[in-house]
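In the order they appear, the protein sequences are chains A and B.
Residue 170 in the working numbering sits at position 170 of the first sequence, and the numbers go up by one each step.
Start counting at 1 in the second sequence, then tack on 419, and there's your number in the working numbering.
Think of the CB as a built atom: it goes at the ideal place given N, C-alpha and C, for glycine as much as any other residue.
There are 2 protein chains.
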Amino acid sequence: MRLRLSDLRTESNRAVAKQKKSVEIKLDDLGDWRRTHYSSNLTPELDGQDCTVFGWIASIRHQGNITFIVIVDKDGLIQITAKKDEVGKDLYKKVQTLTTHTSIGVKGVLKAIPKAPNGVEVRPKEIKVLGFASVNPPIPLYGRKLPGLDKRLEIRAVDLRRPTAQAVFRIRQEALKAIREHLLKNGYHEIHTPKIISSATEGGAALFPLLFYDKEAFLTQSPQLYKEQLVMAFEKVFEIGPAFRAEQSRTLEHLSEFISVDVEEAYVDYRDAMDRLEAMIREVVGVIKSRCAKELAMLQYEPQLPATFKKFTYNEVLEILAEHGHKVEWGEDLSSAALAKLAEVNPSYYFIIDWPTQSKPFYIAQKKSDPKLSESFDLIFGSLEIASGGTRVSSRRVLEKKNPLRQIEQNWVEHRTEE
Amino acid sequence: MRLRLSDLRTESNRAVAKQKKSVEIKLDDLGDWRRTHYSSNLTPELDGQDCTVFGWIASIRHQGNITFIVIVDKDGLIQITAKKDEVGKDLYKKVQTLTTHTSIGVKGVLKAIPKAPNGVEVRPKEIKVLGFASVNPPIPLYGRKLPGLDKRLEIRAVDLRRPTAQAVFRIRQEALKAIREHLLKNGYHEIHTPKIISSATEGGAALFPLLFYDKEAFLTQSPQLYKEQLVMAFEKVFEIGPAFRAEQSRTLEHLSEFISVDVEEAYVDYRDAMDRLEAMIREVVGVIKSRCAKELAMLQYEPQLPATFKKFTYNEVLEILAEHGHKVEWGEDLSSAALAKLAEVNPSYYFIIDWPTQSKPFYIAQKKSDPKLSESFDLIFGSLEIASGGTRVSSRRVLEKKNPLRQIEQNWVEHRTEE
C-alpha cells in the first residue's frame with residue numbers, strides 16, 4: 001500500500017491550524033548542493049545509495065520519535081523519514097521546526113520501503129531550509145474536492161502544485177508540441193508576426209488600443225493579414241502565439257488574451273484546410289493518449305474521435321436547428337444556445353461549412369455557385385467553436401472593392417502583386 | 420551548367436520596363452489542381468513523368484518560338500519550357516501574356532535537361548494564371564546587390580522571395596526549434612504567460628500603456644515574475660514569445676518588440692544558468708551547421724564556437740577597458756562603444772559576471788562575499804548582449820524590503836509562501 005495524495009489533505013489542514021504567523025527561520029544557502037534524483041527517478045533498486053533531493057513539503061507527520069515528511073517535486077512525491085536516534089539531536093530539532101509548503105533540500109540514503117511513494121524513502125543526513133512557509137495556503141491543495149476558482153486563483157502559483165492542475169498543463173504542453181511537430185513535418189514554416197499593429201485586421205471592433213511612443217496603435221486580434229502576405233514567399237506557414245480581443249461578452253467562449261494556432265497555405269482551398277485540420281487533430285489526440293496516459297487517468301478523461309469529422313452546411317445546420325425547435329435568422333451567427341442544441345446531435349468534432357458571405361471577413365472567397373455563400377468553415381467540438389477558416393480571395397480588385405467597407409487601411413493590400 | 424539566380428536579374432528588370440499598368444487578365448480558378456512536386460522533389464530520374472507545379476514567375480525569356488519561364492516555389496526554382504509547335508497556339512498565346520511575379524500553376528511532363536535548375540524542366544500542357552502581377556517590384560529581387568532596407572521593407576512580402584532572405588528565416592526557424600528541443604529534452608516545461616499586465620515587471624520605465632476595457636494596463640517587458648512563480652510548481656520552465664519594450668534609444672541593440680527566450684529553474688544558481696545557456700548554444704550552433712548548411716553557404720557565414728565561453732567579472736572588464744584607454748565609472752552599464760572595444764579582445768561568446776547589485780533588478784541575489792556585487796551574468800556575442808540572468812532572491816523579507824524602491828505592486832510577492 002502506498003501513500004495517497006488524499007491522505008495528505010488532513011495532515012496539511014492540521015499543519016495550517018498549528019502554525020503561527022511570522023515565524024523567524026534562518027534560511028540556508030543552496031551552496032554546492034545539486035539534485036541527484038527527481039521523485040520519478042526513485043525505485044526500490046536504489047536501496048542503499050546516497051542522494052540529494054529537493055522539494056516543497058506536502059505533509060509532516062510526527063509519530064513518537066519518528067517524523068515522516070513528504071515533499072513534492074516537479075515529478076511527484078518523496079517520503080523523508082527522520083528517526084530521532086538515527087539523525088542525531090540537532091537535525092531532529094531542525095525537523096521539528098519545518099512547516100508544510102516550506103522548501104527543503106535533503107541529503108541522505110535511499111531505502112526501499114514498500115509503503116512509500118515509488119517504494120523508496122530517504123533517510124536524511126542533512127537538511128537545508130531554502131524557503132520557509134510561515135503562512136500556509138488557506139485551502140487544501142491535495143485531495144479530490146477543490147475550492148472555488150476564485151480562491152485558487154488568489155494563490156495560483158501554489159495552487160498549481162496540485163497534481164490535477166499539473167496534469168492539465170502537461171497535456172497542454174504535449175498538445176502544442178504535437179501540433180508543432182505535425183506542421184513542421186508537413187513542411188510548414190514557423191513564423192512570428194508583430195503583435196503591435198497600426199490598424200485592425202478583422203474589422204474595427206474588439207481591439208485594445210495602446211500608446212506606441214506618441215502614436216495610437218492596437219494589439220493584434222490575429223496574424224491573419226501577415227500570414228497571408230508571408231505565404232507569398234514561404235507558401236506554408238504557421239504561428240503559435242498570443243492574440244488579443246477586446247470581447248464585449250464575458251463567457252467561457254470568449255477570452256481577451258489567448259494562444260492562437262494560425263496556419264496559412266498557398267495553392268489550396270478551404271477543403272484542403274479542413275483535411276489538414278482533421279489530420280492534425282487526429283495526430284494530436286493520438287499523441288496525447290500515448291504520451292499523457294497518466295495525466296488523462298488522473299483527470300478521468302478519455303478523448304474520443306469520431307470516425308470522420310462530418311460536414312454540415314450552414315443551411316443544413318439551420319434546418320437541423322429548426323427541427324429541434326430552434327429558429328435562427330438566415331445570415332445570423334450561431335448563438336451559444338444554438339451550438340448547445342447542436343452538441344446534442346453531434347457531441348464530438350464536426351465542421352459547419354459554407355457560411356453566409358456577409359458574416360465572414362472580407363478576405364474570404366465567395367462560392368462560384370452561390371455568391372451569398374462563402375468557401376468557409378468553422379470546426380466545432382461539442383458546443384465550442386475551436387477553429388475557423390476559408391478560401392482566400394486572390395484577386396486584388398475584389399479585395400480593394402470589399403476592403404473599404406471593413407475600414408482596413410489601404411496599405412494592407414497595396415503591395416500585393418497579384419491582380 | 421545550371422541557371423543561376425543572378426542570371427534572372429536582368430530578365431526581371433527588362434520585364435519591369437516592358438510592363439504596362441492595369442493590364443486586364445481573367446484569373447483562373449485553382450479548381451481541382453493540386454501540386455504533385457515541389458522544386459526540391461525534381462530530379463532527372465523523373466524524366467517523362469506527369470506533374471503539376473505551382474509558383475511565382477521569376478523570369479520569362481522569349482527566344483524565337485520557345486519561351487523559357489522560371490518559377491520559384493517555397494523550395495527553389497523550376498524551369499518551364501514552352502515550345503510553340505509543342506504546346507499549340509492557344510497555350511502559346513497565353514504564355515505571351517505572362518509577366519514576372521505572376522502566380523501560375525503548370526500541368527506538364529518532366530524532362531531531364533542538364534542546364535535547368537535541378538536538371539529537370541517542365542514541358543507545359545496546361546497553365547493556370549492564379550494571380551496576375553500588373554506592376555512589378557521597383558527593385559530587382561535576385562542577384563547579390565541589394566537595394567536599401569527601406570525600399571525592401573516597402574514591399575517586404577515580395578522581398579522575402581529573395582533566396583538569401585529566406586535563408587535567414589529558415590535558420591531562424593531551425594534555431595528556435597533547436598532551442599525548444601534542447602529545453603524539452605532537459606525537462607523544462609513550456610509555458611505561456613499573459614502579455615497584458617497591470618504593473619511593471621522590471622521597473623517603471625520602458626512600458627507601453629494600453630486601455631484594457633476601462634482600466635490602464637501595460638504590455639509585458641518580460642515573463643520574469645510569472646516564470647519565477649511558476650517554478651514553484653513546475654521547477655523548470657521556459658517561454659518563447661513576444662516581449663515589448665518602449666526603448667528610448669533606437670539602435671540595432673534595441674527593439675520595441677521581439678521574440679524572447681526565457682528560462683527559469685528552481686534549486687540552482689547563476690552558474691548553473693550559465694552552464695545551461697552554454698550547452699544550449701553549443702547544441703543549437705551544431706544543429707544549424709548540420710541542418711542549414713545550404714543556407715549558411717548562401718549567406719557565406721560559418722558560425723564559430725570558442726573552446727569555452729570565458730567568464731570575466733564586471734571588475735575585470737573595467738580593468739580591460741581601462742587598459743585599452745576606455746574609462747567606465749564603477750556601477751555604470753557598458754555602452755555600445757565599450758562593448759565594441761571588448762569585441763576586439765573577445766570576438767565570440769563570453770560572459771560578464773558579478774555585476775554591481777545596484778544596476779540589476781530587485782530579484783537578483785547579491786554575493787555573500789561582497790553585497791555590492793550580484794550573482795548575475797550577461798552573455799555577450801561579439802559586441803551584442805544576447806542573454807542575461809542571475810540567482811534569484813529566495814527570501815520574502817529581502818524582496819519586500821527591496822521591492823518598494825522599484826514600485827512593483829505588492830501583490831506580485833504577497834502570495835509567495837517562502838519566507
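- For Gly-105 (chain A), the chain B residues whose Cβ falls inside 9 Å of its Cβ are Tyr-686, in order along the chain.
- Against chain B, the CB of Phe-381 (chain A) has no partner CB under 8 Å away; the residue lies outside that interface.
- The beta-carbon separation of Asn-484 (chain B) and Lys-512 (chain B), rounded to 13 Å, does not stay under the 8 Å limit for a contact.
- Minimum Cα-Cα distance from Pro-556 (chain B) among the listed residues B:Thr-776, B:Asp-578, B:Ile-499 corresponds to B:Asp-578.
- Note: Glu-635 (chain B) is bridge-paired with B:Leu-630 in the DSSP secondary-structure output.
- Bounds of the beta strand (DSSP E) holding Leu-384 (chain A) are 384-390.
- For the options B:Arg-589, B:Lys-820, B:Val-491, the alpha carbon positioned closest to that of Met-717 (chain B) is the one of B:Arg-589.
- Distance from the CA atom of Ile-69 (chain A) to the CA atom of Thr-81 (chain A), rounded to whole angstroms, is 6 Å.
- By a beta-carbon distance limit of 8 Å, Val-539 (chain B) contacts Leu-529 (chain B). Their separation comes to about 5 Å.
- Per DSSP, Lys-547 (chain B) is not a residue of any alpha helix (DSSP H); the beta strand (DSSP E) it occupies stretches across 539-550.
- Neighbours of Arg-276 (chain A) in chain B, taken as residues at a C-beta separation under 9 Å, are lacking, since the least C-beta distance is about 13 Å.
- With respect to the 8 Å criterion, Gly-660 (chain B) and Pro-242 (chain A) are classified as neighbours on the basis of their beta carbons.
- Taking CB atoms only, His-745 (chain B) has no neighbour in chain A less than 8 Å away.
- Residue state for Ile-25 (chain A) is assigned as coil, using DSSP reduced to three classes.
- Under the DSSP assignment, Leu-449 (chain B) falls outside any beta strand (DSSP E); it carries neither an H nor an E label.
- In the DSSP assignment, the residues bridged to Leu-379 (chain A) are A:Phe-351, A:Ala-387.
- When DSSP states are grouped into helix, strand and coil, Arg-271 (chain A) belongs to the helix group.
- Per DSSP, His-62 (chain A) lies in no alpha helix (DSSP H) segment; the continuous beta strand (DSSP E) that holds it begins and ends at 50-63.
- Close partners of Glu-235 (chain A) in chain B (Cβ separation under 7 Å): Asp-492, Lys-493.
- Listed by position along chain A, the residues whose Cβ is nearer than 9 Å to that of Lys-614 (chain B) are Lys-195, Leu-219, Pro-242, Phe-244, Glu-257.
- Within 10 angstroms of the beta-carbon of Leu-461 (chain B) lie 16 or more other beta-carbons, which makes it buried.
- At least 8 Å separates the beta-carbon of Ile-598 (chain B) from that of Val-656 (chain B).
- The C-alpha of Lys-634 (chain B) is placed about 40 Å away from the C-alpha of Leu-321 (chain A).
- Counting C-beta pairs with one atom in each stretch, the region 257-275 of chain A and the region 604-617 of chain B have three or more that are closer than 8 Å, which means they touch.
- A residue is called buried when at least 16 other Cβ atoms come within 10 angstroms of its Cβ; Trp-749 (chain B) does not meet this threshold and is exposed.
- With respect to the 8 Å criterion, Ile-139 (chain A) and Lys-125 (chain A) are not classified as neighbours on the basis of their beta carbons.
- If you check the CB distance, Ile-799 (chain B) and Leu-758 (chain B) come in under 8 Å.
- Taking Ser-802 (chain B) as reference, the option from B:Gln-777, B:Ala-535, B:Ser-754 with the minimal CA-CA separation is B:Ser-754.
- Chain order gives no chain B residues near Gly-148 (chain A), where near means a beta carbon separation below 7 Å; the closest approach is about 17 Å.
- Separation of the CB atoms of Glu-239 (chain A) and Lys-227 (chain A) is rounded to 7 Å, and the pair is thereby assigned contact status at 8 Å.
- Taking 9 Å as the upper bound on Cβ-Cβ separation, chain A lies near residues Arg-599, Leu-603, Gly-606, His-608, Glu-609, Ile-610 of the region 597-610 of chain B.
- For Met-232 (chain A), the closest Cβ of chain B is nearer than 8 Å.
- Looking at the DSSP output, Phe-677 (chain B) shares a beta bridge with B:Ala-662.
- Each residue's CA atom was taken as its position, placing Phe-731 (chain B) and Val-764 (chain B) some 12 Å apart.
- Sixteen is the threshold: since fewer than 16 other Cβ atoms of the shown chains lie within 10 Å of the Cβ of Ser-198 (chain A), the residue is exposed.
- Pro-140 (chain A) is not bridged by DSSP to any residue.
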